[in-house]
Amino acid sequence: MTFTNGTQFINTAGDAVHGHGGSMIKVGGYYYWFGENTYPNGPFASIPVYRSTDLHAWEFRNSALSQTSAAELQNAGVWRPRVICNARTRQYVLFLRKENYPSPMTENKVAIATSPTVDGNYTYRGSFRPMGYRSFDMNVFRDTDGQAYLISTTNDQKDLTIFRLTPDYLSIAARVTTLHSVRREAQSIFKRNGVYFLVTSGTTGWNPNQQKYATATSMAGPWSGMANLGDSTAYNSQVTHILPVQGSRTTSYLYLGDRWAQPRGGNHNDSTYVWLPLRFPSNTSLTMAWHPKVTINADTGVVWGTS
Numbered sequence: 600m601t602f603t604n605g606t607q608f609i610n611t612a613g614d615a616v617h618g619h620g621g622s623m624i625k626v627g628g629y630y631y632w633f634g635e636n637t638y639p640n641g642p643f644a645s646i647p648v649y650r651s652t653d654l655h656a657w658e659f660r661n662s663a664l665s666q667t668s669a670a671e672l673q674n675a676g677v678w679r680p681r682v683i684c685n686a687r688t689r690q691y692v693l694f695l696r697k698e699n700y701p702s703p704m705t706e707n708k709v710a711i712a713t714s715p716t717v718d719g720n721y722t723y724r725g726s727f728r729p730m731g732y733r734s735f736d737m738n739v740f741r742d743t744d745g746q747a748y749l750i751s752t753t754n755d756q757k758d759l760t761i762f763r764l765t766p767d768y769l770s771i772a773a774r775v776t777t778l779h780s781v782r783r784e785a786q787s788i789f790k791r792n793g794v795y796f797l798v799t800s801g802t803t804g805w806n807p808n809q810q811k812y813a814t815a816t817s818m819a820g821p822w823s824g825m826a827n828l829g830d831s832t833a834y835n836s837q838v839t840h841i842l843p844v845q846g847s848r849t850t851s852y853l854y855l856g857d858r859w860a861q862p863r864g865g866n867h868n869d870s871t872y873v874w875l876p877l878r879f880p881s882n883t884s885l886t887m888a889w890h891p892k893v894t895i896n897a898d899t900g901v902v903w904g905t906s
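So my numbering is basically just the index in the sequence shown, starting at one, shifted up by 599.
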């Protein structure tokens with residue numbers, strides 16, 4: 600399939616895909632896309648779930664969570680939906696950034712919900728500040744050994760803190776490390792050939808900025824310094840997720856970014872998408888070039904940019 604950057608996906612029912620600020624998880628032969636559906640310039644409405652075999656034809660499956668799922672979600676700000684599967688408990692665990700709404704956003708919590716099926720109705724489990732830290736943007740990462748981590752923007756958005764989750768993924772076991780004074784958010788982490796890549800955005804709100812990445816051979820670090828990725832605005836986007844596209848020939852890594860509508864006077868749901876292939880000049884370096892269109896072969900895992 601070929602996707603034109605700076606546009607929206609339309610699902611199989613003819614409606615816009617609200618995958619904004621979202622993430623994906625592959626289960627069986629399907630990619631599941633969790634995103635943000637918000638009221639115009641207002642609180643969140645739901646966390647929609649879509650699925651696709653080819654990363655092009657997206658079928659709406661369910662609203663995993665909505666305002667009616669729990670009392671504290673009414674008129675809440677909810678962003679950055681992330682799902683990982685716990686093989687031990689056989690539960691899918693949904694993590695969210697949660698804030699009071701409207702501003703000032705002073706709640707600074709992580710919210711959790713669970714479901715026995717990836718696209719089911721998630722049961723809201725509550726919200727918390729990890730080990731007392733005020734948490735802003737966040738992401739989760741499940742390592743190949745099953746250990747899972749929460750990566751949170753902390754200390755008034757100055758630091759990035761990595762926490763180890765408990766075996767059930769429902770709470771914090773320990774703080775692993777902190778990257779001090781980096782002023783990064785929209786973090787996404789992936790592992791390739793034994794190297795962890797942490798891709799981040801600067802903290803300029805809805806306005807695009809220079810994306811950067813750091814690497815390590817352990818989640819505890821030491822982490823490298825931040826290196827630039829893409830141009831000074833990430834081609835007018837903000838990273839939301841790095842997706843491994845594993846196929847019969849290779850595994851490619853796809854940058855999923857949001858081109859937010861707010862700087863143009865639009866609503867959250869008017870935002871569009873920027874998807875770009877990542878390249879690896881070495882085992883610890885990363886590049887991302889601009890392509891107006893991107894072609895993805897989900898069967899082979901080959902991803903390439905076109906004009």
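Where is the CB? At the ideal position from N, CA and C, for every residue including glycine.
Item to complete: Drop a sphere of 10 angstroms on the beta-carbon of I609, count the other beta-carbons inside from all chains shown, and report buried for 16 or more, exposed for fewer.
Response: In the sequence shown, counting from the first residue as 1, residue 609 sits at position 10. Within a 10 Å sphere around the beta-carbon of I609 sit fewer than 16 other beta-carbons, which makes this residue exposed.
Worksheet entry | Span separating the alpha-carbon of D614 from that of P680 | On the sequence shown, position 15 is the one that residue 614 refers to. On the sequence shown, position 81 is the one that residue 680 refers to. Each residue's alpha carbon lies about 20 Å from the other.
Item to complete: State the CB to CB distance for the pair Q690 and P729, rounded to an integer number of angstroms; the pair is presumed to be in contact (CB under 8 Å).
Response: In the sequence shown, counting from the first residue as 1, residue 690 sits at position 91. In the sequence shown, counting from the first residue as 1, residue 729 sits at position 130. 19 Å between Cβ atoms; not a contact.
Fill in: the segment 840 to 847 / the segment 807 to 816 touching (three or more Cβ pairs under 8 Å)
Because the criterion of three Cβ pairs below 8 Å is not met, the segment 840 to 847 and the segment 807 to 816 do not touch.
Worksheet item: Just reading off the beta strand (DSSP E) that Q666 is part of, what are its end residues?
Response: For the purposes of this step, residue 666 is taken as the residue at position 67 of the sequence shown. That residue, Q666, is in no beta strand (DSSP E); it is neither H nor E in DSSP.
Fill in: Assigned exposure category for Q673 - 16 Cβ within 10 Å defines buried
For the purposes of this step, residue 673 is identified with residue 74 of the sequence shown, where counting begins at 1. Result: exposed.
Item to complete: Measure how close the beta-carbons of V692 and N685 come, nearest whole angstrom, since I'm counting them as under 8 Å.
Response: What you label residue 692 is simply residue 93 of the sequence shown in a count that begins at 1. What you label residue 685 is simply residue 86 of the sequence shown in a count that begins at 1. So it is a contact: roughly 6 Å between Cβ atoms.
Worksheet entry | Nearest candidate by alpha-carbon position, reference S930, set G820, I771, K708 | This structure cannot speak to residue 930, because the chain is shown only from 600 to 906.
Discussion item. Could you compute how far the alpha carbon of G864 sits from the alpha carbon of D744?
Written reply: As a working note, residue 864 is residue 265 in the sequence shown. As a working note, residue 744 is residue 145 in the sequence shown. Rounded to whole angstroms, G864 and D744 show a C-alpha spacing of 45 Å.
Discussion item. Suppose contacts are defined by Cβ-Cβ distances below 8 Å. Is A710 in contact with T722 by that definition?
Written reply: As a working note, residue 710 is residue 111 in the sequence shown. As a working note, residue 722 is residue 123 in the sequence shown. The answer is no: Cβ separation not under 8 Å.
Fill in: Distance CB(T611)-CB(A656) smaller than 8 Å
On the sequence shown, residue 611 is found 12 positions in, with the first residue counted as 1. On the sequence shown, residue 656 is found 57 positions in, with the first residue counted as 1. Contact flag set, yes.
Item to complete: With F796 as the anchor, note down where its beta strand (DSSP E) starts and where it stops.
Response: Counting from 1 along the sequence shown, the entry for residue 796 is found at position 197. It spans 794 to 801 - the beta strand (DSSP E) in which F796 sits, taken as one unbroken run.
Fill in: Enclosing beta strand (DSSP E) for D742 [first to last residue]
Numbered from 1 along the sequence shown, position 143 holds the residue referred to as residue 742. For D742, there is no enclosing beta strand (DSSP E), as DSSP marks it with neither H nor E.
Worksheet entry | Beta-carbon proximity check, N827 vs P807, cutoff 8 Å | Along the sequence shown, one-based indexing puts residue 827 at 228. Along the sequence shown, one-based indexing puts residue 807 at 208. In this structure, N827 sits away from P807, with a CB-CB distance that is not shorter than 8 Å.
Worksheet item: Apart from the five residues on each side of it in sequence, which residues of its chain come closer than 7 Å, Cβ to Cβ, to V794?
Response: Within the sequence shown, numbered from 1, the residue matching residue 794 stands at position 195. Closer than 7 Å at the Cβ level, and outside the excluded window around V794, lie T814, T816, N882, T883.
Discussion item. My output table needs one value for H890: the three-state DSSP class, helix, strand or coil.
Written reply: Against the sequence shown, residue 890 aligns to sequence position 291. DSSP places H890 in the coil class of the three-state scheme, outside both helix and strand.
Worksheet entry | Range covered by the beta strand (DSSP E) that runs through Q673 | Counting from one through the sequence shown, the residue named residue 673 turns up at place 74. No beta strand (DSSP E) contains Q673, which DSSP labels as neither H nor E.
Discussion item. Considering only DSSP beta bridges, list what L875 is partnered with.
Written reply: For this step, residue 875 is matched to residue 276 along the sequence shown. Its beta-bridge partners are Y854.
Item to complete: Given a cut-off of 8 Å, decide if R858 and G605 are closer than it, judged by their beta-carbon atoms.
Response: Residue mapping note: residue 605 aligns to position 6 of the sequence shown, counting from 1. Residue mapping note: residue 858 aligns to position 259 of the sequence shown, counting from 1. Contact: yes.
Worksheet item: How big is the Cα-Cα spacing for T803 and W889?
Response: As a position in the sequence shown, residue 803 is number 204, starting the count at 1. As a position in the sequence shown, residue 889 is number 290, starting the count at 1. Taking the straight line from one Cα to the other gives about 21 Å.
Discussion item. On the CB-based measure, 16 or more other CB atoms within 10 Å of its CB, does T839 come out buried or exposed?
Written reply: Working through the sequence shown from its first residue, we reach residue 839 at position 240. Flag for T839 reads buried.
Discussion item. Cutting at 7 Å between CB atoms, please list the residues of its own chain near W903, excluding the five before and the five after it.
Written reply: If you number the sequence shown from 1, residue 903 lands on position 304. Once the five neighbours on either side are set aside, the close Cβ partners of W903 are P876, T894.
Worksheet item: Distance, Cα to Cα, Y872 vs H779?
Response: Against the sequence shown, residue 872 aligns to sequence position 273. Against the sequence shown, residue 779 aligns to sequence position 180. Annotation: Y872 to H779 spans about 30 Å, alpha carbon to alpha carbon.
Item to complete: With DSSP collapsed to three states, give me the class of P862.
Response: Residue 862 sits at position 263 when you count from the first residue of the sequence shown. Three-state DSSP puts P862 in a helix.
Discussion item. For the segment 646 to 660 against the segment 622 to 632, do three or more pairs of beta-carbon atoms, one drawn from each stretch, fall closer than 8 Å, so that the two count as touching?
Written reply: Output reads yes: the segment 622 to 632 touches the segment 646 to 660.
Item to complete: Please check the pair S546 and N636, which I expect to be a contact at CB under 8 Å, by giving their CB distance rounded to whole angstroms.
Response: The requested residue 546 does not occur in the structure, where the chain is confined to residues 600 to 906.
Worksheet entry | Proximity below 8 Å, CB of V775 to CB of Y732 | Residue mapping note: residue 775 aligns to position 176 of the sequence shown, counting from 1. Residue mapping note: residue 732 aligns to position 133 of the sequence shown, counting from 1. Against a cut-off of 8 Å, the Cβ pair of Y732 and V775 comes out as no contact.
Discussion item. Whole angstroms are fine: how far does the CA of I841 sit from the CA of N792?
Written reply: As a first step, residue 792 is located in the sequence shown; it is residue number 193 there, counting from the start. As a first step, residue 841 is located in the sequence shown; it is residue number 242 there, counting from the start. So the two alpha carbons sit approximately 15 Å from each other.
Worksheet entry | Option in S906, L853, Q861 with minimal Cα separation from L654 | Counting from 1 along the sequence shown, the entry for residue 654 is found at position 55. Measuring from the Cα of L654, the nearest candidate turns out to be L853.
Fill in: Bounding residues of the beta strand (DSSP E) (the contiguous stretch that carries K708)
As a working note, residue 708 is residue 109 in the sequence shown. First-last of the beta strand (DSSP E) with K708: 708 to 714.
Fill in: Which listed residue (P891, S906, N868, F879) has its alpha carbon closest to that of V616
On the sequence shown, residue 616 is found 17 positions in, with the first residue counted as 1. The shortest CA-to-CA distance from V616 to any of P891, S906, N868, F879 is the one to N868.
Worksheet item: Any Cβ of chain B within less than 8 Å of the Cβ of T871?
Response: Protein chain content of the structure displayed is limited to a single chain, and chain B is not contained in it.
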